[in-house]
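Novice: According to full-length UniProt numbering, the residues represented by the sequence shown are 1 to 275, in order. Here it is, the structure in full.
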Amino acid sequence: MATYVIGDLQGCLPQLIQLLEQINYHPEQDNLWFAGDLINRGPASLETLRFIKSLGNNATVVLGNHDLHLLAVAHGHGQLKRKDTLAEILTASDRDDLIHWLRQQPLCHYDSQLNAVMTHAGIPPCWDLDKTLALAKEVEDTLKSDSANDFFAAMYGNTPDTWQDNLTGTDRLRTITNYLTRMRFCDSASKLDLKSKEGVGTASEGYAPWFNYPTQVPEHCHIVFGHWAAIEGITQQARIHALDTGCVWGGSLTALRLEDRQRFSTPCTINRKNS
1 MATYVIGDLQ GCLPQLIQLL EQINYHPEQD NLWFAGDLIN RGPASLETLR FIKSLGNNAT
61 VVLGNHDLHL LAVAHGHGQL KRKDTLAEIL TASDRDDLIH WLRQQPLCHY DSQLNAVMTH
121 AGIPPCWDLD KTLALAKEVE DTLKSDSAND FFAAMYGNTP DTWQDNLTGT DRLRTITNYL
181 TRMRFCDSAS KLDLKSKEGV GTASEGYAPW FNYPTQVPEH CHIVFGHWAA IEGITQQARI
241 HALDTGCVWG GSLTALRLED RQRFSTPCTI NRKNS
């Protein structure tokens, strides 16, 4: 039995099937974790979402920014962008079931036996593990509630850009969401720079990749995340594992076996330029 964490799919279902064949995935024995951004920009967003949902308890999912974007648009907030590939989901016969299922997924997953925690974008230096789980649950509970529509209406935005415990309302939920699904660069006080999206060496003055700062997550715990294709799966940190290797941009799809930290990758033939 093994647990594999798989980076951003973004609608690349054929590559996922190839990767599952490569790792010799057995549904009766193995578990799959998905680090968010299941859909969007790739050619098979609808079928990818259906496939992950069909895995049932074999799949553990955390939501990414593209997944939340779909939910917001489905609830009448936000607009489809030119490169989005979400229309097929929004017009599908099983749209309501898929949207409902997606709303039930968490923003953070922790397994004490595997000593691993997963979010889409990472964990900011100012949060420890317990705080991360508690704050993620605030957003998760909102997504499942009657207040979800109000959240989606206020979800987009880059402010507040620094965590404060006294944040309230939609500002609080937006900030939690931005840390867990959009973060790349921050400063030593965990102030976010949400505009810079390229590689490690492109940080604005005073900012660095979030994983370059000391983490408050316990030493025994590994952090797995996706979201940042430009760093090509490299953090230079022994227990912080980046798994978005840019499949949708013509890179590869990567899985990490948690039990021994071995990586597996399958190349992608999609030829797109990141934006």
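Here a beta-carbon is modelled for each residue, glycine too, at the ideal position from N, C-alpha and C.
#1: Take Ala230 as the anchor and find which of His222, Gln216, Leu102 and Ser196 has the nearest alpha-carbon.
#2: With DSSP as the reference, identify every bridge partner of Thr60, one or two as the case may be.
#3: Measuring CA to CA, which of Leu68, Asp30, Asn31 and Phe51 is closest to Gln15?
#4: Buried or exposed for Arg82, going by 16 or more other Cβ atoms inside 10 Å?
#5: Does the ligand FMN have even one heavy atom less than 8 Å from the beta-carbon of Ala153?
#6: Using a Cβ distance threshold of 8 Å, determine whether the region 122 to 137 contacts the region 205 to 225, with at least three qualifying pairs required.
#7: Excluding the 5 residues preceding and the 5 following His75 in the sequence, name in chain order all residues of the same chain whose CB lies nearer than 6 Å to its CB.
#8: Compare the C-alpha of Ser147 against each of Asn166, Thr170 and Ala35 and name the closest.
#9: Check the DSSP bridge columns for His109 and list the partner residues they point to.
#10: Using a threshold of 9 Å, state whether the C-beta atoms of Gln22 and Phe264 are closer than that.
#11: Strictly by DSSP, which residues pair up with Thr3?
#12: Alpha carbons only, please: which of Asp165, Asn24, Asp84 and Thr3 is nearest the one belonging to Gln10?
#13: Measuring straight from C-alpha to C-alpha, what distance separates Asn274 and Gly251?
#14: For Thr266 and Thr245, what's the separation of their Cα atoms in angstroms?
#15: So within the region 198 to 231, which uninterrupted beta strand (DSSP E) runs reach at least 3 residues, ignoring any that extend past its ends?
#16: Let's see if you can read the secondary structure: which residues bound the alpha helix (DSSP H) around Thr170?
#17: Leaving out five residues on either side along the sequence, give the residues of the same chain with a beta carbon under 8 Å from the beta carbon of Gln262.
#18: Evaluate Ile17 with the Cβ neighbour count: other Cβ atoms within 10 Å of its Cβ, from every protein chain shown; 16 or more gives buried, anything less gives exposed.
#19: Between which two residues does the alpha helix (DSSP H) carrying Pro267 extend?
#20: According to DSSP, simplified to helix, strand and coil, what is Asp97?
#21: Please classify Asn57: is it buried, with 16 or more other beta-carbons within 10 angstroms of its beta-carbon, or exposed?
#22: To the nearest whole angstrom, what separates the beta carbons of Arg239 and His227, a pair I think is in contact under 8 Å?
#23: Here's the rule I'm using: 16 or more other beta-carbon atoms within 10 Å means buried, otherwise exposed. How should Thr254 be labelled?
#24: Buried or exposed for Thr202, please, with buried defined as at least 16 other CB atoms from any protein chain shown within 10 angstroms of its CB.
#25: Does the pairing of the region 36 to 45 with the region 63 to 77 give three or more beta-carbon distances under 8 Å?
#26: Buried or exposed: where does Thr132 fall if 16 or more other Cβ atoms within 10 Å of its Cβ makes it buried?
#27: If the criterion is Cβ atoms closer than 9 Å, does the pair Ala92 and Leu20 meet it?
#28: Determine the direct distance from the alpha carbon of Ala242 to that of Tyr25, and round the result to whole angstroms.
#29: Run the CB neighbour count on Gly206, radius 10 Å, all protein chains shown included, and call it buried at 16 or more, exposed below.
Specialist: In short, the structure shows the following:
#1: The residue labelled residue 230 in the question sits at position 230 within the sequence shown. When each option's Cα is compared against that of Ala230, the closest is Ser196.
#2: Sequence index remark: in the sequence shown, residue 60 carries index 60 (1-based). According to DSSP, Thr60 bridges with Trp33.
#3: As a first step, residue 15 is located in the sequence shown; it is residue number 15 there, counting from the start. Answer by Cα proximity: Phe51.
#4: The residue labelled residue 82 in the question sits at position 82 within the sequence shown. Arg82 should be labelled exposed.
#5: With respect to the ligand FMN, the structure offers nothing, as it holds no ligand at all.
#6: yes
#7: The residue you call residue 75 lines up with position 75 of the sequence shown. Same-chain partners within the cutoff: Asn149 and Phe152.
#8: One-based indexing of the sequence shown puts residue 147 at position 147. Ranking Asn166, Thr170 and Ala35 by Cα distance to Ser147 puts Thr170 first.
#9: Taking the sequence shown and counting its residues from 1, one reaches residue 109 at position 109. Answer is Met118.
#10: For this step, residue 22 is matched to residue 22 along the sequence shown. For this step, residue 264 is matched to residue 264 along the sequence shown. Yes, these two residues count as a Cβ contact at 9 Å.
#11: Numbered from 1 along the sequence shown, position 3 holds the residue referred to as residue 3. DSSP, once it has assigned bridges, lists Asn31 as partnering Thr3.
#12: Residue 10 sits at position 10 when you count from the first residue of the sequence shown. For the residues Asp165, Asn24, Asp84 and Thr3, the minimum Cα distance to Gln10 belongs to Asp84.
#13: As a working note, residue 274 is residue 274 in the sequence shown. As a working note, residue 251 is residue 251 in the sequence shown. Annotation note: pLDDT 38 at Asn274 (below 50); position unreliable, no value reported.
#14: Residue 266 sits at position 266 when you count from the first residue of the sequence shown. Residue 245 sits at position 245 when you count from the first residue of the sequence shown. Roughly 10 Å separates the two Cα atoms.
#15: 222 to 225
#16: Here residue 170 is taken as the residue at index 170 of the sequence shown, counted from 1. Taken as a continuous stretch (DSSP letters only), the alpha helix (DSSP H) holding Thr170 covers Gly169 to Thr181.
#17: As a working mapping, residue 262 is identified with position 262 in the sequence shown. For Gln262, where only same-chain residues beyond five positions count, the Cβ hits under 8 Å are Leu256.
#18: In the sequence shown, the residue the question calls residue 17 occupies position 17. Answer is exposed; the Cβ neighbour count stays below 16.
#19: The count along the sequence shown starts at 1 and reaches residue 267 at position 267. From DSSP, Pro267 is part of no alpha helix (DSSP H) but of the beta strand (DSSP E) over Gln262 to Pro267.
#20: Indexing the sequence shown from 1 puts residue 97 at position 97. Asp97 falls in the helix class under three-state DSSP.
#21: Numbered from its first residue, the sequence shown carries residue 57 at position 57. Its Cβ having fewer than 16 others within 10 Å, Asn57 is exposed.
#22: What you label residue 239 is simply residue 239 of the sequence shown in a count that begins at 1. What you label residue 227 is simply residue 227 of the sequence shown in a count that begins at 1. That pair is no contact at about 18 Å.
#23: Taking the sequence shown and counting its residues from 1, the one referred to as residue 254 is at position 254. With 16 or more Cβ atoms within 10 Å of its Cβ, Thr254 is classed as buried.
#24: Sequence index remark: in the sequence shown, residue 202 carries index 202 (1-based). Classification for Thr202: exposed.
#25: yes
#26: Taking the first residue of the sequence shown as position 1, residue 132 is located at position 132. By the 10 Å Cβ count, Thr132 comes out buried.
#27: Within the sequence shown, the letter at position 92 stands for residue 92. Within the sequence shown, the letter at position 20 stands for residue 20. No, these two residues do not count as a Cβ contact at 9 Å.
#28: As a first step, residue 25 is located in the sequence shown; it is residue number 25 there, counting from the start. As a first step, residue 242 is located in the sequence shown; it is residue number 242 there, counting from the start. Their Cα atoms are separated by approximately 21 Å.
#29: Residue mapping note: residue 206 aligns to position 206 of the sequence shown, counting from 1. With fewer than 16 Cβ atoms within 10 Å of its Cβ, Gly206 is classed as exposed.
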